[in-house]
Amino acid sequence: MRKKIVAGNWKMNKSYTDGISLFNEIIDGLSLAEHQCEKVILCTPYIHLQKVSELCKNHQTLSIAAQNCHSEIAGAYTGEISVSMIVSVGATYVLIGHSERRMYNAESNEILSKKVDAALGNQLKVIFCCGESLEIRNSGEYINYVNNQLESSLFHLTKEAFSNIVIAYEPIWAIGTGLTATKEQAQEMHQHIRTKLASGYGLEVANSTSILYGGSCNAQNAKELFSQVDVDGGLIGGAALKAADFLSIIQSF
Ligand code: PGA
Numbered sequence: 013m014r015k016k017i018v019a020g021n022w023k024m025n026k027s028y029t030d031g032i033s034l035f036n037e038i039i040d041g042l043s044l045a046e047h048q049c050e051k052v053i054l055c056t057p058y059i060h061l062q063k064v065s066e067l068c069k070n071h072q073t074l075s076i077a078a079q080n081c082h083s084e085i086a087g088a089y090t091g092e093i094s095v096s097m098i099v100s101v102g103a104t105y106v107l108i109g110h111s112e113r114r115m116y117n118a119e120s121n122e123i124l125s126k127k128v129d130a131a132l133g134n135q136l137k138v139i140f141c142c143g144e145s146l147e148i149r150n151s152g153e154y155i156n157y158v159n160n161q162l163e164s165s166l167f168h169l170t171k172e173a174f175s176n177i178v179i180a181y182e183p184i185w186a187i188g189t190g191l192t193a194t195k196e197q198a199q200e201m202h203q204h205i206r207t208k209l210a211s212g213y214g215l216e217v218a219n220s221t222s223i224l225y226g227g228s229c230n231a232q233n234a235k236e237l238f239s240q241v242d243v244d245g246g247l248i249g250g251a252a253l254k255a256a257d258f259l260s261i262i263q264s265f
């Protein structure tokens, strides 16, 4: 069955020591908090991956993710990080296709498809991000646009591979803008994504794939968004940088 998940994306924030302090605050808070959240994933900068992976070993609900990986396994790619390097420091997930990487690093659907293969081929689970710009939303073409993102980067996979995929729907117009999709807008797209999975892979895959909402999700609006039938949790940016806010989002189910 699909899991209730809250993932925190720290993006390019926090020094090494500040990141470890935030992590420790989250761990302490989690052990005290009562919550229904089945998995918490922290997508930290690379510099934190090894330490936080060590620190979360005894915490079953916590997993660690990298925010990106290269599509090639190794080689002359100065400044890049491979999937096997990520696995070697203990992380178990990687974010692929975040809109900031699509936008600033020109990551195409084709490159993302290769990254997905590289990750799954190395036993790294994938949080795959999709979502439309405001222009596409206003044109009314947003469902087709997200369909195409999913088809191009995920629909070559086998049915079995989906047990290692989490999908995050993040409308670009809502990321970091304080503008959140309404619960109806979120539900419409999540339901669509689930229907798309069902038509490509059957009901079992559709009903066991977690679909997270991202885009200015915070301690105030998480409850309403998470109450939608096809919203299985959130991918949180800004509000993941403060332990109290992040913990309250975790308690929103
Ligand atoms: P935000 O970011 O919560 O700051 O809007 C979400 C994301 O980009 O994953």
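Every letter in the sequence shown is one number past the one before it in my numbering, and letter 49, counting from 1, is 61.
Quick reminder that beta carbons are idealized off the backbone N, C-alpha and C, glycines included.
Quick one: using the 10 Å Cβ neighbour count with 16 as the cut-off for buried, is residue i buried or exposed?
i, result
"proline 48", "Before going further, note that residue 48 is glutamine rather than proline in the sequence given. Classification for glutamine 48: exposed."
"valine 241", "exposed"
"serine 151", "exposed"
"histidine 82", "buried"
"leucine 224", "buried"
"methionine 24", "exposed"
"tyrosine 181", "buried"
"threonine 189", "exposed"
"glutamine 197", "buried"
"glutamate 112", "buried"
"isoleucine 187", "buried"
"glycine 20", "buried"
"isoleucine 177", "buried"
"threonine 170", "exposed"
"tyrosine 89", "exposed"
"glutamine 161", "buried"
"threonine 194", "exposed"
"lysine 69", "exposed"
Cβ of residue i within 6 Å of any heavy atom in the ligand PGA?
i, result
"serine 145", "no"
"asparagine 134", "no"
"serine 228", "yes"
"leucine 237", "no"
"asparagine 21", "yes"
"leucine 87", "A small correction: the amino acid at residue 87 is glycine; leucine does not occupy that position in the sequence shown. No; taking the cut-off as 6 Å, the Cβ of glycine 87 has no heavy atom of the ligand PGA nearer than that."
"glycine 190", "no"
"isoleucine 248", "yes"
"isoleucine 262", "no"
"isoleucine 17", "no"
Once you ignore the five residues that flank residue i on each side, which residues in its own chain have a CB closer than 8 Å to its CB?
i, result
"cysteine 229", "Thr192, Leu237, Gly246, Leu247, Ile248, Ala251 and Ile261"
"arginine 149", "Pro183 and Trp185"
"leucine 267", "Within the shown structure, residues of the chain are numbered from 13 to 265, placing residue 267 beyond reach of any answer."
"glutamine 199", "Gln240, Val241, Asp242 and Val243"
"methionine 13", "Asn219 and Ser220"
If I'm right that residue i touches residue j with Cβ under 8 Å, what's the distance once you round it to whole angstroms?
i, j, result
"threonine 221", "isoleucine 179", "6 Å"
"alanine 255", "glutamate 37", "4 Å"
"valine 101", "glutamine 62", "4 Å"
"isoleucine 76", "leucine 54", "6 Å"
"serine 165", "serine 211", "Actually they are not in contact, since the Cβ atoms of serine 165 and serine 211 sit about 17 Å apart, beyond 8 Å."
"alanine 118", "alanine 78", "Between alanine 78 and alanine 118 the Cβ distance is about 19 Å, and since that is not below 8 Å, they are no contact."
"valine 52", "leucine 74", "5 Å"
Below 6 Å CB to CB, which residues in the same chain sit around residue i once its five sequence neighbours on both sides are set aside?
i, result
"histidine 110", "Cys141"
"serine 203", "Looking at the sequence itself, residue 203 is glutamine, so the reference to serine does not match. Closer than 6 Å at Cβ, skipping near neighbours: Asp242."
"tyrosine 28", "Ile59"
"methionine 201", "Tyr181"
"leucine 154", "Reading off the sequence, residue 154 comes out as tyrosine, not leucine. Same-chain partners within the cutoff: Glu144 and Ile148."
"lysine 15", "Glu50, Lys51 and Ser222"
"phenylalanine 35", "Val64"
Hey, would you say the C-beta of residue i is under 6 Å away from at least one heavy atom of the ligand PLP?
i, result
"isoleucine 187", "Absence of the ligand PLP from the depicted structure is noted, with the ligand PGA being the only ligands included."
Grab me the residues of residue i's own chain with a C-beta within less than 7 Å of its C-beta, minus the 5 sequence neighbours each way, in chain order.
i, result
"alanine 131", "Cys81, Val95, Val106, Ile108 and Val138"
"serine 145", "Ile184 and Trp185"
"phenylalanine 174", "Tyr213, Val217 and Thr221"
"asparagine 159", "Lys208"
"isoleucine 123", "Ser83"
"serine 264", "Ala234, Lys235 and Phe238"
"tyrosine 157", "Glu144 and Ile148"
"histidine 168", "Ser125"
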